[in-house]
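*Asks:* Numbering (my numbering), first residue to last: 350 to 653.
One structure coming up, written as structure tokens, with questions to follow.
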Amino acid sequence: MKIEIDKNSGFCFGVMRATSTAESELEKEQPLYCLGDIVHNGQEVERLTRLGLITIDHTQLASLQNAHVLLRAHGEPPHTYEIARQNGIKIIDATCPVVLKLQQKIKQAYTTHPDAQIVIYGKIGHAEVIGLEGQTEGKAIVIENENDLSKIDFSRPIILFSQTTKSVEGFNNLVNTIKTRISNKPTDLTPNTQSSTLNSQLNSGIHFEYHDTICRNVANRIPDIKKFATQFDVILFVAGAKSSNGKVLFNECLSVNPRTYLVSSADELNPDWLKNIESIGICGATSTPKWLMETIKQKINSIL
Ligand code: SF4
């Protein structure tokens, strides 16, 4: 039986940075609190909890005084920093630099274009999106799917950004839909590239500006993981239930290999999946630790 772990799967740069920051801070000083799950992977949260990391929510943050609190890669809205300042809390900021840059771009757009609607293509209620909305005093419009488009006034200026983990295809579709909904055809709209700025004026006189702010650490994995998924009889995709990019990457694997199964831990492995096959590929999300994929490989070996 061939069993292989995808070498391109596992923590992205931002998550790696956040977890290693937690580990090094825990060695220096405890207690160390983390605002929200450090990563959307229950197994990794449990590992860091065993090392001493204490996960808290925003209500608990408000009642903490003079403590050390780590902010995870997703980032936080300005209100969180304000609470920390008021309560004498030392922030260890592990916000991913890619997210930080996006927050700054949204804040700049909001302050320099007070007439425009700031639109974020993302998952409503996702921690990163809450941090992004916070840059606009909560006024940004979050679009998760076509049903949310009614929130946009297509007769007013629109500046569109994306949550870092959304799919490029979904973003491009949204751009085209917005163009269509604005009455006249655009004169000079061309596809934007990541982190560049586009100012466009439609024939209708409506300003529509869009920024592809999708993180390529996620987007670039799609072609690689699809190729990987075609090379095995069965694919075990390892990810936590809350992982956004996990859902995206799992569906990409499933689209090319119908025998793709989602597991969050070795306990969820179903021995029936391993019958009458010659090869198994193990891969995962940007929030999936390498050690967890190794554990699943060991479990498969123990079953066979
Ligand atoms: S997916 Fe990209 S933006 Fe998100 S934490 Fe990883 S590196 Fe940062």
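Ideal placement from N, C-alpha and C gives every residue a C-beta, glycine not left out.
#1: Between which two residues does the beta strand (DSSP E) holding D442 run?
#2: Rounding to the nearest angstrom, what Cα-Cα distance links H389 and G554 in this structure?
#3: For the ligand SF4, enumerate in chain order all residues having a CB closer than 6 Å to any of its heavy atoms.
#4: Express the C-alpha separation of P380 and R434 in angstroms, rounding to a whole number.
#5: Is any non-hydrogen atom of the ligand GTP found closer than 6 Å to the C-beta of I455, if you look at the structure I gave you?
#6: Going straight from the alpha carbon of A568 to that of T460, what length do you get?
#7: Quick one: Cα of K624 to Cα of D582, how far?
#8: Classify C602 as helix, strand or coil using the three-state DSSP reduction.
#9: Can you give the Cα-Cα distance for N436 and G385, rounded to whole angstroms?
#10: Rounded to the nearest angstrom, what separates I571 and Q414 at their Cα positions?
#11: Look at V478 and Q512 and say whether their C-beta atoms are less than 7 Å apart.
#12: Using the C-alpha atoms, what's the distance from I438 back to L481?
#13: What does the alpha-carbon distance come out to for the pair V491 and T485?
#14: I want to know whether the stretch 596-611 touches the stretch 622-636 - three or more CB-CB distances under 8 Å.
#15: Would you check if the distance between the CB atom of K515 and the CB atom of Y470 is smaller than 7 Å?
#16: Does G363 pass the burial test, meaning 16 or more other C-beta atoms within 10 Å, or should it be called exposed?
#17: What residues in its chain sit with their C-beta under 7 Å from that of S604, if we drop five residues either side in the sequence?
#18: Which value, in whole angstroms, describes the spacing of the CA atoms of P446 and Q452?
#19: Under a three-way DSSP split, which group does V612 fall into?
#20: Taking contact to mean at least 3 C-beta pairs separated by less than 8 Å, is the stretch 393-406 in contact with the stretch 423-431?
#21: By a C-beta neighbour count over all protein chains shown, 10 Å radius and 16 as the cutoff for buried, is P620 buried or exposed?
#22: Keeping to the same chain, check which residues put their C-beta closer than 6 Å to that of T562; ignore five residues upstream and five downstream.
*Replies:* Reading from the atomic positions:
#1: Looking at the DSSP string, the run of the beta strand (DSSP E) that includes D442 is 439-442.
#2: Going by the C-alpha atoms only, they are around 43 Å apart.
#3: For the ligand SF4, residues qualifying as neighbours are C361, F362, G363, V364, A422, C445, V447, V448, T513, T514, C564, N566, V567, T635, where qualification means a beta carbon closer than 6 Å to at least one of its heavy atoms (chain order).
#4: The alpha-carbon atoms of R434 and P380 are separated by roughly 18 Å.
#5: With respect to small molecules bound, the structure shown includes the ligand SF4 and not the ligand GTP.
#6: One C-alpha to the other measures close to 29 Å.
#7: In a straight line, the C-alpha of K624 is about 11 Å away from that of D582.
#8: Assigned with DSSP and collapsed to three states, C602 falls in helix.
#9: Using only the alpha carbons, I get a separation of about 18 Å.
#10: Each residue's alpha carbon lies about 43 Å from the other.
#11: If you check the CB distance, V478 and Q512 come in under 7 Å.
#12: Computed Cα separation, rounded: 22 Å.
#13: Answer to the nearest angstrom: the Cα atoms are 12 Å apart.
#14: With a cut-off of 8 Å, the stretch 622-636 and the stretch 596-611 count as touching, because enough Cβ pairs lie within range.
#15: With respect to Y470, K515 sits close: the two C-beta atoms are nearer than 7 Å.
#16: Buried is the call here.
#17: Cβ within range, chain order: n/a, list empty.
#18: Answer to the nearest angstrom: the Cα atoms are 10 Å apart.
#19: DSSP places V612 within a strand segment (E or B) once states are collapsed to three.
#20: With the cut-off at 8 Å, the stretch 393-406 and the stretch 423-431 do not touch.
#21: Its Cβ having fewer than 16 others within 10 Å, P620 is exposed.
#22: Once the five neighbours on either side are set aside, the close Cβ partners of T562 are L451, F510, S511.
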